[in-house]
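Asks:
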Amino acid sequence: MVVSYFLSESGKTKEYIIFTENRESREVISGVEQAVDLRAKWTEEILNEVKTLKNRFESVIESRYLEITAQINNFNQKLEILENQPKQSLY
Numbered sequence: 001m002v003v004s005y006f007l008s009e010s011g012k013t014k015e016y017i018i019f020t021e022n023r024e025s026r027e028v029i030s031g032v033e034q035a036v037d038l039r040a041k042w043t044e045e046i047l048n049e050v051k052t053l054k055n056r057f058e059s060v061i062e063s064r065y066l067e068i069t070a071q072i073n074n075f076n077q078k079l080e081i082l083e084n085q086p087k088q089s090l091y
């Protein structure tokens with residue numbers, strides 16, 4: 001990661017300060033940086049919210065599936081009853 005800071009006074013170029021760090025993972029980040037780095041907290045909160053929404057959607061989908069399956073079964077039973085009744089002539 002390369003972080004460049006441009007320092008200026010009244011719009012005039014003062015100097016560049018370049019910090020270069022090689023970070024392989026989050027474990028390398030210092031404790032102070034972790035304390036002020038809210039990205040991990042936000043990421044965790046977003047992931048938790050996504051998991052909650054996923055669980056709610058799965059629950060709604062499952063309940064709708066069961067409801068529709070029950071309606072289909074009910075319809076099939078009624079249809080079977082009608083098909084098995086003796087046919088009445090219209091005359």
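Sequence positions in the sequence shown follow full-length UniProt numbering and run 1 to 91.
C-beta: ideal position from N, C-alpha, C; glycine also.
1) Distance, Cα to Cα, Ala-70 vs Ala-40?
2) In whole angstroms, what separates the C-alpha of Thr-52 from that of Arg-64?
3) How long is the line joining the alpha carbons of Phe-6 and Glu-44, rounded to whole angstroms?
4) Which of helix, strand or coil does DSSP assign to Tyr-5?
5) For Leu-38, name the three-state secondary structure that DSSP assigns.
6) When you compare only the Cα positions, how much space is there between Ile-81 and Leu-66?
Replies: Let me spell this out:
1) 45 Å
2) 18 Å
3) Because the pLDDT at Phe-6 is just 49, under 50, the model does not fix this residue reliably, and the value given afterwards should be weighed accordingly. For Phe-6 and Glu-44, the distance between alpha carbons rounds to 32 Å.
4) For Tyr-5, the predicted model reports a pLDDT of 46, less than 50, meaning its position is unreliable; a value from the coordinates is still stated below. Looking at Tyr-5 - three-state DSSP - the assignment turns out to be strand.
5) coil
6) 23 Å
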